[in-house]
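Quick note on numbering: the sequence shown equals residues 4 to 319 in the numbering used here.
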Amino acid sequence: MRVVFMGTPAFAATILKEISQQHEVVAVYTRPDAVRGRGNSLVPSPVKEAALELGIPVYTPKTLKDPEEQEALRAFQADVLAVAAYGMLLPQEVIDAAKFGAINAHASLLPRWRGAAPVERAILAGDDEVGVCAMRIDLELDAGPYCACRSLPVEHRNAAELLEELAFLGAEALLSALAQFEAGRVFWVEQDPELVTYAQKLEKGQLDLTLEDTAVAADRKVRASSDAHPCKCQIADKQVALLSACAYDSVDCLPDGLEPGRVAFTCKRLFLGCAEGILEVLTLKPQGKKEMDAKSFAAGIQNIKNETKYWRTLGN
Numbered sequence: 004m005r006v007v008f009m010g011t012p013a014f015a016a017t018i019l020k021e022i023s024q025q026h027e028v029v030a031v032y033t034r035p036d037a038v039r040g041r042g043n044s045l046v047p048s049p050v051k052e053a054a055l056e057l058g059i060p061v062y063t064p065k066t067l068k069d070p071e072e073q074e075a076l077r078a079f080q081a082d083v084l085a086v087a088a089y090g091m092l093l094p095q096e097v098i099d100a101a102k103f104g105a106i107n108a109h110a111s112l113l114p115r116w117r118g119a120a121p122v123e124r125a126i127l128a129g130d131d132e133v134g135v136c137a138m139r140i141d142l143e144l145d146a147g148p149y150c151a152c153r154s155l156p157v158e159h160r161n162a163a164e165l166l167e168e169l170a171f172l173g174a175e176a177l178l179s180a181l182a183q184f185e186a187g188r189v190f191w192v193e194q195d196p197e198l199v200t201y202a203q204k205l206e207k208g209q210l211d212l213t214l215e216d217t218a219v220a221a222d223r224k225v226r227a228s229s230d231a232h233p234c235k236c237q238i239a240d241k242q243v244a245l246l247s248a249c250a251y252d253s254v255d256c257l258p259d260g261l262e263p264g265r266v267a268f269t270c271k272r273l274f275l276g277c278a279e280g281i282l283e284v285l286t287l288k289p290q291g292k293k294e295m296d297a298k299s300f301a302a303g304i305q306n307i308k309n310e311t312k313y314w315r316t317l318g319n
């Protein structure tokens, strides 16, 4: 099939590579180059990089509402628009530019977690499973019917790990959808409106630890975090981003437990007392320094074994 692909992050780049092996991707649309990470230089999106490697023409319009952009899109005479985390709403004129319309690989088990941050919200909510659905794009956000879904257990994986696996499952779901289009029989499943939940965009500081967090909630914040939305706190007056951790009801190294807000370094392990339970910090990144394990971090805190140390929310 003739496919125009639309996507931006690494999740979408993986899907593009898989789709291009079985279908003719005639053009790729992605968000314009932007400042990402440190420095002020413009960086292409992962999808743009992948498209250039594949030799596929890349287009980076700031808007798809321009009639000239819509006419250029129609000129590709695509059978379908395959979309994955593009980051831009598609006007009806764009959806209508392809024979079979637009189908999106949305990283949730619809109708649960429509919206911008489905994997992170699933982790924070304690969902047992995450997934990806090949969904027909309509004007209402993530509300169209789907024709293929894939799922996997969350277990103790973080958002990056889940998204990496979901990218390949998303490619499978989209390829299944394209096969249904080719066969002339698509098995659409309408979403149950009573089961809809929304994955609101994460706000700055939303994943920072607080003294009201249980150990389980703190662990979920750590696993839902990323470079864009880190999980931060202060440990012994040092600002850190927590990268990996584990929640416990009790720990043998701490037979008397650990009061909320207290820090303990024992058995060569670093623990934080939470509102309920104990969080073991495994890896972290102190402000201005490189990632390190908890033992290395503790080695830089004077008398951490013998003096009472505390952790706190940023700004408190």
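For every residue, glycine included, the Cβ atom is placed at its ideal position computed from N, Cα and C.
Because the structure is a prediction, the values reported are computed rather than measured.
Report the rounded CA-to-CA distance for residue i versus residue j, giving the unit in angstroms.
i	j	result
Q237	N43	28 Å
E71	F300	56 Å
C234	P148	35 Å
A250	A267	14 Å
I304	L205	32 Å
R160	L112	17 Å
What are the start and end residues of the beta strand (DSSP E) that includes residue i?
i	result
F268	265-269
T17	Premise fails: T17 lies in the alpha helix (DSSP H), 13-23, not in any beta strand (DSSP E).
F8	5-10
V219	First-last for V219: 218-227, but that is the alpha helix (DSSP H), not the beta strand (DSSP E).
K288	281-289
A87	83-87
K241	241-251
R139	132-139
Between which residues of its own chain and residue i is the CB-CB distance below 7 Å, once the five residues before and five after are set aside?
i	result
D195	P114
A170	F14, T17, I18
L93	L67, A105, I140
Near residue i, what residues of its chain come up, given a Cβ to Cβ distance below 6 Å and the 5 sequence neighbours on each side ignored?
i	result
N107	V86, M138, I140
F79	V7, V29, A30
Q242	Q290
I59	V28, V31
Which residues mark the beginning and the end of the alpha helix (DSSP H) in which residue i is found?
i	result
F274	Unbroken run through F274 is the beta strand (DSSP E), 272-276; no alpha helix (DSSP H).
E185	162-186
S154	Careful: S154 lies outside any alpha helix (DSSP H), inside the beta strand (DSSP E) at 149-156.
R315	Premise fails: R315 lies in the beta strand (DSSP E), 312-315, not in any alpha helix (DSSP H).
S48	Segment: none, S48 is in no alpha helix (DSSP H) and carries neither H nor E.
A101	No alpha helix (DSSP H) contains A101, which DSSP labels as neither H nor E.
When we look at the beta-carbon of residue i and count the other beta-carbons within 10 Å, is it buried (16 or more) or exposed?
i	result
G104	buried
F190	exposed
R223	buried
L67	buried
N309	exposed
E262	exposed
S253	exposed
G10	buried
C270	exposed
L317	exposed
D230	exposed
Please check the pair residue i and residue j, which I expect to be a contact at CB under 8 Å, by giving their CB distance rounded to whole angstroms.
i	j	result
P49	P12	6 Å
L287	A297	7 Å
G280	T217	6 Å
Y192	C150	With the sequence shown as reference, residue 192 is identified as Val, and Tyr is not the correct amino acid for it. That pair is a contact at about 7 Å.
Contact criterion: CB-CB distance below 8 Å. Does residue i meet it with respect to chain D?
i	result
A248	Of the chains in the structure shown, none is chain D; there is only one protein chain.
Taking 8 Å as the limit between beta carbons, can you name the residues of its chain near residue i, skipping five residues before and five after?
i	result
Q27	Note that residue 27 is Glu in the sequence shown, not Gln. These residues qualify, in order along the chain: M4, R5, V6.
K51	V31, T33, D36, V61, T63
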